[in-house]
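One structure is given below, encoded as structure tokens.
Numbering (the numbering used here), first residue to last: -1 to 321.
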């Protein structure tokens, strides 16, 4: 019986984000829980979804801090493992003037890379309706094998598979290796969430529709979502393309977690409607809510503990329509 709405595998880590200056004028860094797959689960919890996480942290203060924060949100962390030898992965977020960001990682190695095949719990995947993953769990051989095992289990147990490449170039030996692992993700997934710059990088096409066409010619992905930042988002489903503009938000301070928030909202809609026969109206509703939630997360520091409530999103969308 499928009792878990979404299980995600991958990284949970600390995002250090600037939050003011010291008396000496030095940046003060705030310790925010993060990690894309777990961020997606945090958004799904706002809808009351039953979610579970598979991953690894260090047996250190950071790791136990992350476990406590995720559990407080209601995420099942019973498949979070602790590594006694390798520390929890850390990311330092550098914000640009437009709110966009760059990352510096302490992950050579990081505990999330140490997840093994034997630590992938078959039972939790068997019970899941959707399995979600990204490519940070595919950068190195050991965790790559764990991810492939989980994907094979998800496929054999009739889970819908959701994939967000979420490429972080500094974490790869080279981008050709990243390309090969993205191709693996494409070959498994039913739902693909991909950013505008990622689709251009992967396909070489500046036009997103041409890029999606190239992907779909080789991989029969049912639903492809292209997030376009300030330009909104698109959904490509069967022979339909639906585009919804972004919501303007003067209070944006950083974009960390915006794509994960968007992805969580989309997966919630799929849990409501299924993937077999989505209508244009449902796709518009899906993108509108996801765009609104993604806009709201940009007004807050961090991601995992900063996901907007559904009422907050609905109020924001209603107000924005009036203006």
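Ideal Cβ placement from N, Cα and C applies to all residues, glycine included.
Beta-carbon within less than 6 angstroms of residue 15's beta-carbon, same chain only, minus the 5 sequence neighbours each way: which residues are those?
Excluding five sequence positions before and after residue 15, the CB atoms of its chain that fall closer than 6 angstroms to its own CB belong to 28, 30, 91 and 299, given in chain order.
Review point. Taking the C-alpha atoms as reference points, what is the distance between residue 11 and residue 81?
Key: Residue 11 and residue 81: Cα-Cα distance of roughly 13 angstroms.
Which residues does DSSP list as the beta-bridge partners of residue 92? DSSP lists 100 as the beta-bridge partner residues of residue 92.
field: contact_flag[the stretch 120 to 127, the stretch -1 to 6] where n(CB pairs < 8 angstroms) is 3 or more
entry: The count of Cβ pairs closer than 8 angstroms, one atom from the stretch 120 to 127 and one from the stretch -1 to 6, reaches three, so the stretches are in contact.
Quick check: what's the CA-CA separation for residue 118 versus residue 190?
Taking the CA atoms as reference points, residue 118 sits about 22 angstroms from residue 190.
Unbroken alpha helix (DSSP H) run spanning residue 286, endpoints
Counting along the chain, the unbroken alpha helix (DSSP H) around residue 286 starts and ends at 278 to 295.
Taking the alpha-carbon of residue 252 as reference, which of 225, 216, 181 and 293 has the nearest alpha-carbon?
Minimum Cα distance to residue 252 is reached at 293.
Exposure label - residue 326; buried when at least 16 CB within 10 Å: Since the first residue shown for the chain is -1 and the last is 321, residue 326 is missing from the structure and cannot be characterised.
Which residues share a DSSP beta bridge with residue 225?
Listed as beta-bridge partners of residue 225 by DSSP are 193 and 231.
In the stretch 22 to 59, which residue ranges form an unbroken beta strand (DSSP E) of at least 3 residues, counting only runs that do not cross its ends?
Fully contained in the stretch 22 to 59 are the following beta strand (DSSP E) runs of length 3 or more, in chain order: 25 to 32 and 49 to 56.
When DSSP labels each residue in this structure, what does residue 184 get in the three-state scheme? In the three-state DSSP reduction, residue 184 falls in the helix class (H, G or I).
Near residue 158, which residues of its chain fall below 8 angstroms by C-beta distance, leaving aside the five closest residues on each side in sequence? Non-local beta-carbon contacts of residue 158 in its own chain, meaning distances under 8 angstroms to residues more than five positions away in sequence, involve 127, 128, 129, 188, 189, 268 and 273 in chain order.
query = What is the rounded straight-line gap between the Cα of residue 171 and the Cα of residue 200?
reply = C-alpha separation (whole angstroms): 17 angstroms.
Contacts around residue 179, its chain only, beta-carbon distance under 6 angstroms, and the 5 residues preceding and following it disregarded
So the list reads 133 and 136, once near-sequence residues are dropped.
Problem set entry | Distance between residue 236 and residue 63 (C-alpha atoms, nearest Å) | The C-alpha of residue 236 is placed about 43 angstroms away from the C-alpha of residue 63.
* Could you name the residues that DSSP lists as bridge partners for residue 322? => Lying outside -1 to 321, the shown extent of the chain, residue 322 is not represented and no answer is given.
- Start and end of the alpha helix (DSSP H) containing residue 151? Annotation for residue 151: the continuous alpha helix (DSSP H) segment containing it runs 139 to 154.
Taking the alpha carbon of residue 55 as the reference point, which residue from 38, 181 and 87 has its own alpha carbon closest? Closest by C-alpha distance to residue 55, out of 38, 181 and 87, is 87.
| task | Starting from residue 79, follow the beta strand (DSSP E) in both directions and report where the run begins and ends. | result | Per DSSP, residue 79 is one residue of the beta strand (DSSP E) stretching across 74 to 81.
Spatial neighbours of residue 308 in its chain, beta-carbon cut-off 7 angstroms, leaving aside the 5 residues before and after: Within the same chain, and ignoring the five residues on either side of residue 308 in sequence, the residues whose Cβ sits closer than 7 angstroms to its Cβ are 44 and 45.
**Study point:** Residue closest to residue 38, alpha-carbon to alpha-carbon, out of 183, 103 and 161
**Key:** Taking residue 38 as reference, the option from 183, 103 and 161 with the minimal CA-CA separation is 161.
Problem set entry | Other residues of its chain near residue 278: CB distance less than 7 angstroms, five sequence neighbours each side excluded | 238 and 240.
From the beta carbon of residue 295, is the nearest beta carbon of chain C less than 8 angstroms away?
In the displayed structure, chain C is absent; only one protein chain is listed.
Q. How should residue 61 be labelled, buried or exposed, when 16 other C-beta atoms within 10 angstroms of its C-beta is the threshold for buried?
A. By the 10 Å Cβ count, residue 61 comes out buried.
Next on the checklist: Quick check on the DSSP output: the beta strand (DSSP E) that includes residue 258 runs from which residue to which?
Outcome noted: Premise fails: residue 258 lies in the alpha helix (DSSP H), 256 to 271, not in any beta strand (DSSP E).
Measure the Cβ-Cβ separation of residue 286 and residue 247 and say whether it is below 8 angstroms. Taking C-beta atoms as the reference points, residue 286 and residue 247 fail to come closer than 8 angstroms.
Between 208, 231 and 215, which lies nearest to residue 283 when the distance is taken from Cα to Cα?
The candidate whose alpha carbon is nearest that of residue 283 is 231.
Original post:
How about residue 84 and residue 109: do their beta carbons lie closer than 8 angstroms?
Top reply: In this structure, residue 109 lies closer than 8 angstroms to residue 84 by Cβ.
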